[in-house]
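Since the structure comes first, as structure tokens, the remarks are kept for the end.
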Amino acid sequence: MGDHYGEQSATEAGSGAHGSGCREALDVLYHYLDGELDEERRAVIHYHLERCSPCLEAFDFEAELKLVVAQRCRESVPESLRDRVAAAIAQASVAPSGDPTNRA
Ligand SMILES: [Zn+2]
Numbered sequence: 001m002g003d004h005y006g007e008q009s010a011t012e013a014g015s016g017a018h019g020s021g022c023r024e025a026l027d028v029l030y031h032y033l034d035g036e037l038d039e040e041r042r043a044v045i046h047y048h049l050e051r052c053s054p055c056l057e058a059f060d061f062e063a064e065l066k067l068v069v070a071q072r073c074r075e076s077v078p079e080s081l082r083d084r085v086a087a088a089i090a091q092a093s094v095a096p097s098g099d100p101t102n103r104a
């Protein structure tokens with residue numbers, strides 16, 4: 001496929017710039033959002049995000065997503081919406097092989 005695997009060593013010389021820490025940062029991002037990291041680990045992530053915008057963007061997106069989901073779960077969901085979601089889920093998991101033109 002691509003030549004992604006060869007790029008890693010090229011950025012290693014940087015002093016904290018975008019490069020070696022990114023993979024690890026994104027890796028622990030999910031644990032960070034779940035509150036599973038200790039303070040030291042969080043500080044490392046914060047430090048990385050402060051100087052690496054690609055990772056920061058990824059973090060922002062995930063954080064926002066989690067926030068929205070959390071808020072949505074806390075709010076009382078209108079029954080009509082709940083029905084539609086339930087129906088959509090049922091349809092998605094039951095539908096044999098997809099028949100988008102066949103709507104009820
Ligand atoms: Zn990064």
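Every letter in the sequence shown is one number past the one before it in my numbering, and letter 65, counting from 1, is 65. Glycine included, every Cβ here is placed at the ideal spot set by N, Cα and C.
Backbone secondary structure at residue i - three-state DSSP
{"i": "glutamine 8", "result": "Residue confidence is low: glutamine 8 scores 45 on pLDDT, short of 50, so the model does not pin down where it sits. No coordinate-derived value is stated."}
{"i": "arginine 23", "result": "helix"}
{"i": "arginine 41", "result": "helix"}
{"i": "arginine 51", "result": "coil"}
{"i": "glutamate 57", "result": "helix"}
{"i": "glutamate 36", "result": "coil"}
{"i": "lysine 66", "result": "helix"}
{"i": "alanine 88", "result": "helix"}
Contact with chain B by residue i, beta-carbon distance below 7 Å
{"i": "leucine 29", "result": "No chain B is part of this structure, which consists of one protein chain only."}
Whole-angstrom C-beta distance between residue j and residue i, which should lie under 8 Å
{"i": "alanine 70", "j": "histidine 48", "result": "With 8 Å as the limit, alanine 70 and histidine 48 do not qualify as a contact, their Cβ atoms being about 24 Å apart."}
{"i": "lysine 66", "j": "leucine 33", "result": "5 Å"}
Q | Touching by the beta-carbon criterion (3+ pairs, under 8 Å), the stretch 57 to 77 and the stretch 23 to 32 | A | yes
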